[in-house]
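In what follows, a single structure is set out as structure tokens and then discussed.
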Amino acid sequence: MEITSFEQFELNRQLLNAVAELGYTVPTPIQQKTIPLSLGNHDVLGIAQTGTGKTAAYLLPILMKVKYAQGKNPRALILAPTRELVMQINQAVSELGKYTDLRHLALYGGLGPKTQIETLRNGVDIIVATPGRFMDLYRSGEIVTKEIRTMVLDEADKMMDMGFMPQIRSILEIIPTKRQNLLFSATFGGRVERLSSEFLEAPIKVEVTPQASTADMVSQVIYEAPNFRTKINMLDYLMRQEDFQRVIIFARTKGTADNIYKFLSRKVIEPEKIRVIHANKGQNTRINAMDAFKEGNIQVLVSTDVAARGIDVAEVSHVINFDLPLIYEDYVHRIGRTGRANRTGEAITFLTKAEEYHVQKIERIIKATIPRQPLPAGVVVAETPFEEEQAMLREIDEQRRKEDPTFLGAFHEKKITNMAPGRERDKAQAKLSGAKKPSPSGPGTRSGSFSRKSGGSVSTKSGGGKRSGSRGGRR
Ligand code: ADP
Ligand code: MG
């Protein structure tokens with residue numbers, strides 16, 4: 001049966017009214033395919049491109065089943081990787097559950113647990129949480145898990161990477177084994193699928209398009225830029241174009257994000273029109289920046305990959321990858337911040353020669369070649385400073401060694417291989433962008449960044465502000 005309206009699902013009037021009020025008329029393909037399965041209590045692995053309504057796909061069946069406020073203990077648990085995303089999902093629960101009396105709560109770190117504990121004690125039906133804060137509150141005896149009947153992993157592959165899997169395993173140990181599991185993401189490779197078979201029971205996999213397909217509505221382009229300075233010049237040029245109305249600029253490290261912010265806010269964008277967020281920014285700063293961006297009060301958001309996953313802001317006109325993400329799948333997620341809910345968007349990537357290696361890997365994942373264009377005539381191509389050139393050559397050597405462990409390369413002397421090229425790069429950039437000092441904790445931590453093959457069983461320290469935020473358990 002073809003589903004052309006929400007009325008065809010077995011949802012109650014309260015939910016249908018909320019859906020109509022949100023302006024949803026036709027269910028998206030992932031909603032059409034997974035809502036009936038979830039209502040039928042199956043374990044579901046839902047894969048669909050960014051911006052295609054996965055949130056409502058898993059929330060509507062949950063809201064239908066949990067139905068109304070009852071008792072004190074949560075009956076559904078939704079886990080997501082970042083605080084911003086947890087808040088956004090909790091907001092979606094408010095909107096879709098508007099005509100129900102369901103009590104729901106967002107649990108995330110970065111602020112004291114007092115209010116969260118109070119709300120828990122008053123009784124809650126649905127919890128949306130980051131794994132770290134959920135476990136903390138469970139351990140302090142604030143959460144009774146025995147009535148949880150549904151668990152969702154949003155951004156499921158991210159939730160099962162090395163940074164999170166240990167915490168997910170702990171959570172799986174404390175919630176009832178007899179439950180429904182719903183896993184959703186735009187990317188879900190073979191490795192995570194094998195991992196998920198550990199705890200899914202005969203899941204039904206729904207793949208709207210092959211995993212890691214980039215959103216149809218996003219056009220992509222690469223500009224080759226030989227160095228940091230040229231990337232900055234290109235940014236300067238682009239940001240003066242008229243149609244760059246609501247832009248997210250992604251950077252790999254906190255240091256680079258800060259440097260981009262400093263440059264743009266000093267010379268190109270009015271300071272009140274631009275914000276920067278990353279794992280070292282305080283929770284309130286992060287919330288305020290996201291809110292201002294969502295409301296359209298700021299033009300540019302500079303971010304590390306903390307904002308790569310899930311964040312839904314309407315009318316993001318452009319995503320700029322100042323550099324490529326460490327986790328290749330995050331390319332799909334980064335550019336998926338634009339072109340959402342049937343709108344179009346543009347994704348622009350800057351590329352140095354040291355990044356060619358990464359772009360090839362990304363193109364393999366997305367099964368497409370990203371078109372390239374020459375730098376616009378108005379962009380000044382800067383000379384590459386000696387230090388930066390050396391850092392890039394070292395990176396290229398390292399990449400070759402990864403492919404061929406016997407390769408020695410030009411920089412095989414011990415003292416050099418021990419250096420962290422990311423840190424060198426951040427230092428060089430700080431000088432160029434006019435920053436006084438590189439951010440003390442803005443390391444381009446690269447150790448093991450690409451060695452994800454080692455599987456999810458590696459236990460890593462959770463949290464700690466040390467990592468560039470893309471793998472830490474607490475973001
Ligand atoms: P995903 O998780 O797949 O990246 P989201 O769940 O964040 O996407 O949804 C993207 C946007 O689409 C949201 O703004 C959401 O409100 C909107 N949306 C969801 N379902 C529909 C629908 N059926 N019709 C129109 N818009 C929808
Ligand atoms: Mg989502």
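Quick note, the sequence shown lines up with residues 1 to 475 if you use full-length UniProt numbering. Using N, Cα and C, we set each Cβ at its ideal position, and we do this for glycine too.
Between E329 and T187, the alpha-carbon positions lie close to 7 Å from each other. For G345, the secondary structure class from DSSP, reduced to helix, strand or coil, is strand. Residue burial annotation: R194 is exposed, with fewer than 16 other C-beta atoms found within 10 angstroms of its C-beta.
In terms of Cβ geometry, A341 and G112 do not form a close pair [threshold 7 Å]. Taking C-alpha positions only, T177 is separated from T100 by approximately 28 Å.
Distances between the C-beta of K294 and the heavy atoms of the ligand ADP are all 6 Å or more. Non-local C-beta neighbours of R103 in its own chain, meaning closer than 7 Å and more than five positions away in sequence, comprise A69, G123, V124 and D125, ordered along the chain. Here A251 really is in contact with D323; their C-beta atoms are around 6 Å apart, less than 8 Å.
The DSSP-derived three-state label of K367 is coil. Q373 is bridged by DSSP to Y223. Here the residues close to the ligand MG, judged by CB distance below 6 Å to any of its heavy atoms, are K54, T55, D154 and G310 in chain order.
K205 sits in a strand when the DSSP states are folded into three classes. Secondary structure at H318: strand, using DSSP grouped into helix, strand and coil.
The alpha-carbon separation between K231 and A225 amounts to approximately 6 Å. With at least 16 other beta carbons inside 10 angstroms of its own, Q299 counts as buried. Distance from the Cα of I148 is smallest, within the candidate group R400, I175 and K267, for I175. In the assembly as shown, D216 is an exposed residue. Its beta-carbon has fewer than 16 other beta-carbons within 10 Å.
Straight-line spacing of the CA atoms in Q32 and I348 works out to 32 Å. Rounded to the nearest angstrom, the gap between the Cα atoms of V268 and I47 is 39 Å. For Q211 and I370, the gap between their C-alpha atoms comes out near 17 Å. By a beta-carbon distance limit of 8 Å, G310 contacts A80. Their separation comes to about 7 Å.
Just so you know, the alpha carbons of K98 and T55 end up roughly 16 Å apart. A Cβ-Cβ contact shorter than 7 Å links F184 with A156.
CA-to-CA, the gap between I35 and N181 works out to about 13 Å.
With a threshold of 16 other beta carbon atoms within 10 Å, E355 meets it and is buried. Within a 10 Å sphere around the beta-carbon of G23 sit fewer than 16 other beta-carbons, which makes this residue exposed. Rounded to the nearest whole angstrom, the C-alpha separation of E398 and V192 is 26 Å. At least one heavy atom of the ligand ADP falls within 6 Å of the beta-carbon of P27.
Closer than 6 Å to some heavy atom of the ligand ADP: that does not describe the Cβ of A202.
A straight-line Cα-Cα distance of about 57 Å links P385 and T145.
Assignment of F293 by DSSP, reduced to helix, strand and coil, places it in the helix class. Taking the CA atoms as reference points, F244 sits about 10 Å from V319. Judged by beta-carbon spacing, I62 lies within the 7 Å limit of T150, meaning their Cβ atoms are closer than that value.
A Cβ-Cβ contact shorter than 7 Å links R337 with V316. For D157, the shortest C-beta to heavy atom distance toward the ligand ADP is 6 Å or greater. M151 is bridged by DSSP to L77 and N181.
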